[in-house]
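J.: Residue numbers (my numbering), protein chains in the order written: chain V, 317 to 607; chain U, 21 to 558. For each residue, glycine too, the CB sits at the ideal point set by N, CA and C. Can you read through this structure? Questions will come right after.
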């Protein structure tokens, strides 16, 4: 009989497998769901899965069948390619917006945390003002100013997600900035930008990663809400919120029109939140410890 | 969020729609079936209830125009003001004209109308209506130079020719004259008080109609009480509480939960939301209103400046499919004479309907247009225009024409097509009110008089002449021929292409009200027969 314990310690370890093994099954399942949705959104249109999302191919409100796996909508378009397009639109708008949020919040949070005092006060008060608006009200306000559409959704998501992320990154940056190595760097005459990038940014990256995942789930919700209310993505394009809005009209007669986009929206948000929880456990273990 | 919560909430969301899948709404009555010829619903006269009817409408009278009926130019204004103002004649279910404040009339020649007035009509302030009120009301409308003054036609004179008689003389025959008199903007006003300055028409409504407005909160609500001086039978609906509820879902919810008795809907699929409510009945009312497709001939840079391309695009539009997909099969393909009016011209016989795909391709090839991208703008305050735009997009794609759709709010739509300068969008989707006579809506194809179309329409003198002829030729075979020529000419020009009629959806609770509803409505007045409505209980 082989000594497996000895063998495992001697064999070179696969870093990817090792990283995956450190997450629980639920997290891995959620990551799989998210990967699948992303793959569908990216590869689906390229491979022509379900056909042209704008093409009228069958009777209106036909139930799911082999020909139309998710049924057809009120104009006789197959829902499968429309849902795939909707997932892509929602993920792209949300991801781009969250990327902007991450950049703005990380920069703002680190600058506020490093300088403290008045600079911190100004950055945090701007955040407080934005934070005071309920998310959807702020989003509607933006949409009414810039006009309904993807730009409105994008700007709204950024404004909704920036305050919380800036506050969290700022708090993390303040903790890092009082560490001895930062003090030492200052005394040694290292420039502030270099300290912020070299020492502070690298030590708040975990917080940024965790907050980015949470911001992504908020972004998907805001995009969905705005499109549902008619302020976000506009027809004939599709997004999950827009498809849900269309589906509600036919909730009784054709529930499949509501079912697919609703389930996908929930799955995406739950998956992202579970992944965010796991990342938080990884990067901020003390906060996540349960009794 | 904890992971347990995540799993539980996911499961819940997955189960809720599945539960909806299992709901069986049961069979529904045909919502377009007539109870009697010309009537979708006829009030049950055995019901003896009296009291309040709660009505939910989609929008209010226009605030800027005030309450002066002369300047009322939208259907809800006509409905709401029509509760207080009567007209000389009214429209019957087959678009025949019926007595109202004029108990009879005669036309000794095609340009003279002699109206014999009721002697028992009294304004809500208690003063009897006189021939002077009628004369001055019509003069007052003509002086206003409003849209409806133009519909009234070439009125030469209005005279009091007896204690209860008024004679109107026209410069030339105007077939739509009675049709124009039958709508609220031609309502009879208390002109003695108006001329004397004691009644401000923009702020109050003093008419001879069945109701008096007792409260109005703009864009929120109206309350009407019975006019104690009303000349007709006292209506069973003694009080009308009208709520302005912009959101379609909220109106449907109100009808479902019983907080509304009667409601109007724009979306043809609203029926589906109310199927499961046994007390709710939804009916499809046909209108003379119709959707149209603008093919911009005024922009020299557009491929549609070429007559041949516009005609080919028109021919590529399948109106039957439009009705089926965008309006659930409840709309009728139409030409410029609304398909729901007696003088309609069959859409299937229009020149564009006779072309097959190969002929369309040939025309486009001849015009040098094989692959082109066109822009189309429409508005989002109703569902159907966006749906129509998307179906048109697909129909044109089958002919190698790519359409980029922009669905915008009403203000942006107006700015795109009615700004006063040449429109840059190639196409647009909107709708016209069809009124009660084919020559009324066809006026908008006469570029000599319809200035608002100049941004997207060059016009054609031959079409303008036919519009004028249709307006002057008395009803009969000769007029039918003129209208057929007009329909064909408009179709061949293809500058503004009539598509399909615009049906309405009316919902009501059978445990609250038994209404009378015409099968076809010309002026969007869903409360037209309110005095015939019966209530189930007091």
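So with Cβ pairs under 9 Å, would you call residue 47 of chain U a contact of chain V?
T.: Reading the second chain from its first residue, position 27 is the one you call residue 47 of chain U. Since pLDDT at residue 47 of chain U reaches only 42, below the 50 mark, its modelled position is unreliable, and the value read off the structure follows with that caveat. Judged by the 9 Å Cβ criterion, residue 47 of chain U is not in contact with chain V.
J.: What three-state label does DSSP hand residue 244 of chain U in the structure shown?
T.: Locating residue 244 of chain U in the second chain gives position 224, where the first residue counts as 1. Strand, per DSSP.
J.: Less than 9 Å separating the beta-carbons of residue 88 of chain U and residue 168 of chain U?
T.: Residue 88 of chain U sits at position 68 when you count from the first residue of the second chain. Residue 168 of chain U sits at position 148 when you count from the first residue of the second chain. No, they are not a contact pair.
J.: Taking only beta-carbon positions, decide if residue 428 of chain U is within less than 9 Å of chain V.
T.: Looking up residue 428 of chain U in the second chain gives position 408. Cβ-Cβ to chain V under 9 Å: yes for residue 428 of chain U.
J.: Measure the C-alpha to C-alpha separation of residue 441 of chain V and residue 521 of chain V and round it to an integer number of angstroms.
T.: Reading the first chain from its first residue, position 125 is the one you call residue 441 of chain V. Reading the first chain from its first residue, position 205 is the one you call residue 521 of chain V. CA-to-CA, the gap between residue 441 of chain V and residue 521 of chain V works out to about 23 Å.
J.: Closer than 8 Å: is that where the CB of residue 387 of chain V sits relative to any heavy atom of the ligand COA?
T.: The ligand content of the structure shown is nil, which means the ligand COA is not present either.
J.: Kindly list, in the order they appear in chain V, the residues whose Cβ is closer than 7 Å to that of residue 289 of chain U.
T.: Reading the second chain from its first residue, position 269 is the one you call residue 289 of chain U. Near residue 289 of chain U (Cβ distances below 7 Å), the residues of chain V are 390, 565, 566.
J.: Taking the beta strand (DSSP E) that residue 91 of chain U belongs to, which residues open and close that run?
T.: Position 71 of the second chain, counting from 1, holds the residue named residue 91 of chain U. Residue 91 of chain U -> no beta strand (DSSP E), and no H or E assigned at all.
J.: Please look up how many angstroms separate the CB atoms of residue 151 of chain U and residue 137 of chain U, rounded, as I've assumed it's under 8 Å.
T.: For the purposes of this step, residue 151 of chain U is taken as residue 131 along the second chain, with counting starting at 1. For the purposes of this step, residue 137 of chain U is taken as residue 117 along the second chain, with counting starting at 1. The C-beta distance from residue 151 of chain U to residue 137 of chain U rounds to 6 Å, short enough to fall under 8 Å.
J.: Short of 8 Å Cβ to Cβ, which residues in the stretch 307–335 of chain U face chain V?
T.: none
J.: Assuming residue 560 of chain U is part of the beta strand (DSSP E), what are its boundary residues?
T.: Missing from the structure shown is residue 560 of chain U; chain U here goes from 21 to 558 and no further.
J.: Could you list the residues in the stretch 454–467 of chain V with a C-beta less than 8 Å from some C-beta on chain U, going in chain order?
T.: 463, 464
J.: Quick one: using the 10 Å Cβ neighbour count with 16 as the cut-off for buried, is residue 477 of chain V buried or exposed?
T.: Translated into positions along the first chain, residue 477 of chain V becomes position 161. Per the 10 Å Cβ criterion, buried.
J.: In the stretch 419–455 of chain U, which residue ranges form an unbroken beta strand (DSSP E) of at least 3 residues, counting only runs that do not cross its ends?
T.: 421–428, 447–452
J.: Got a sec: which bits of the stretch 460–488 of chain U sit with their beta carbon under 9 Å from any beta carbon on chain V, in order along the chain?
T.: Those residues of the stretch 460–488 of chain U that come within reach of chain V (Cβ to Cβ, closer than 9 Å) do not exist; the list is empty.
J.: Pull up the CB-CB distance for residue 245 of chain U and residue 228 of chain U, whole angstroms please, since I reckon it's below 8 Å.
T.: What you label residue 245 of chain U is simply residue 225 of the second chain in a count that begins at 1. What you label residue 228 of chain U is simply residue 208 of the second chain in a count that begins at 1. So it is not a contact: roughly 15 Å between Cβ atoms.
J.: So residue 554 of chain V and residue 398 of chain V are supposed to be a Cβ contact under 8 Å. How far apart are they, rounded?
T.: By 1-based counting over the first chain, the position of residue 554 of chain V is 238. By 1-based counting over the first chain, the position of residue 398 of chain V is 82. With a Cβ gap of about 5 Å, residue 554 of chain V and residue 398 of chain V count as contacting.
J.: Could you tell me how far apart the beta carbons of residue 527 of chain V and residue 481 of chain V are, in whole angstroms, since I believe they sit closer than 8 Å?
T.: On the first chain, position 211 is the one that residue 527 of chain V refers to. On the first chain, position 165 is the one that residue 481 of chain V refers to. Confirmed, about 5 Å.
J.: Within the same chain, show all residues whose beta-carbon is closer than 8 Å to that of residue 259 of chain U, passing over the 5 residues directly before and after it, in chain order.
T.: Within the second chain, numbered from 1, the residue matching residue 259 of chain U stands at position 239. Contacts found: 71, 72, 73, 243, 244, 245, 246.
J.: Give me the residue from U:122, U:388, U:66, U:145 with the minimum Cα distance to residue 104 of chain U.
T.: As a working note, residue 104 of chain U is residue 84 in the second chain. If we check each option's Cα against that of residue 104 of chain U, U:145 comes out closest.
J.: Any beta carbon of chain U sitting closer than 9 Å to that of residue 372 of chain V?
T.: Residue numbering aside, residue 372 of chain V sits at position 56 when the first chain is read from its first letter. Closer than 9 Å: yes.
J.: May I have the straight-line CA-CA distance separating residue 62 of chain U from residue 114 of chain U, to the nearest angstrom?
T.: Mapped onto the second chain, residue 62 of chain U falls at position 42. Mapped onto the second chain, residue 114 of chain U falls at position 94. Spanning the two alpha carbons is a distance of roughly 15 Å.
J.: Any C-beta of chain U within less than 7 Å: which residues of the stretch 533–554 of chain V qualify?
T.: 546, 550, 551, 552
J.: To the nearest angstrom, how far is the alpha carbon of residue 540 of chain V from that of residue 513 of chain U?
T.: Taking the first chain and counting its residues from 1, the one referred to as residue 540 of chain V is at position 224. Taking the second chain and counting its residues from 1, the one referred to as residue 513 of chain U is at position 493. Going by the C-alpha atoms only, they are around 43 Å apart.
J.: If you reduce the DSSP assignment to three classes, tell me which class residue 453 of chain V lands in.
T.: The count along the first chain starts at 1 and reaches residue 453 of chain V at position 137. The answer is helix: DSSP assigns residue 453 of chain V an H, G or I state.
J.: Please classify residue 307 of chain U: does DSSP put it in a helix, a strand, or coil?
T.: Within the second chain, numbered from 1, the residue matching residue 307 of chain U stands at position 287. In the displayed model, residue 307 of chain U falls within a strand according to three-state DSSP.
J.: What is the rounded straight-line gap between the Cα of residue 43 of chain U and the Cα of residue 219 of chain U?
T.: Here residue 43 of chain U is taken as the residue at index 23 of the second chain, counted from 1. Here residue 219 of chain U is taken as the residue at index 199 of the second chain, counted from 1. For residue 43 of chain U, the predicted model reports a pLDDT of 42, less than 50, meaning its position is unreliable; a value from the coordinates is still stated below. Going by the C-alpha atoms only, they are around 56 Å apart.
J.: Note down, in chain order, each residue of its chain lying with its Cβ closer than 7 Å to the Cβ of residue 184 of chain U, except the 5 sequence neighbours on either side.
T.: Here residue 184 of chain U refers to the residue found at position 164 of the second chain. Here the set comprises 136, 137, 139, 151.
J.: Residue 596 of chain V touches chain U at which residues, Cβ-Cβ below 9 Å?
T.: Residue mapping note: residue 596 of chain V aligns to position 280 of the first chain, counting from 1. Within 9 Å Cβ-Cβ: nothing; residue 596 of chain V doesn't reach chain U, min ~11 Å.
J.: What's the gap between the Cα of residue 325 of chain U and the Cα of residue 459 of chain V?
T.: Counting from one through the second chain, the residue named residue 325 of chain U turns up at place 305. Counting from one through the first chain, the residue named residue 459 of chain V turns up at place 143. Each residue's alpha carbon lies about 35 Å from the other.
J.: By DSSP, does residue 368 of chain V sit in helix, in strand, or in coil?
T.: Counting from one through the first chain, the residue named residue 368 of chain V turns up at place 52. Here residue 368 of chain V sits in coil by DSSP.
J.: What is the rounded straight-line gap between the Cα of residue 96 of chain U and the Cα of residue 348 of chain V?
T.: On the second chain, position 76 is the one that residue 96 of chain U refers to. On the first chain, position 32 is the one that residue 348 of chain V refers to. Near 54 Å, if we compare the C-alpha coordinates of residue 348 of chain V and residue 96 of chain U.
J.: Go through its chain and collect everything with a Cβ distance to residue 392 of chain V's Cβ below 7 Å, but skip five positions before and after it.
T.: Residue mapping note: residue 392 of chain V aligns to position 76 of the first chain, counting from 1. Only 372, 373, 374, 375, 376 meet the Cβ criterion.
J.: Below 8 Å on the Cβ atoms is my guess for residue 520 of chain U versus residue 343 of chain U; work out the distance and round it to an integer in Å.
T.: Indexing the second chain from 1 puts residue 520 of chain U at position 500. Indexing the second chain from 1 puts residue 343 of chain U at position 323. Correct: roughly 5 Å between the Cβ atoms.
J.: What does DSSP give as the partner residues of residue 399 of chain U in its beta bridges?
T.: Numbered from 1 along the second chain, position 379 holds the residue referred to as residue 399 of chain U. DSSP output for residue 399 of chain U lists U:428 as bridge partner(s).
J.: Of the residues V:563, V:547, V:350, V:571, which one's Cα is nearest the Cα of residue 454 of chain V?
T.: Taking the first residue of the first chain as 1, we reach residue 454 of chain V at position 138. Measuring from the Cα of residue 454 of chain V, the nearest candidate turns out to be V:547.
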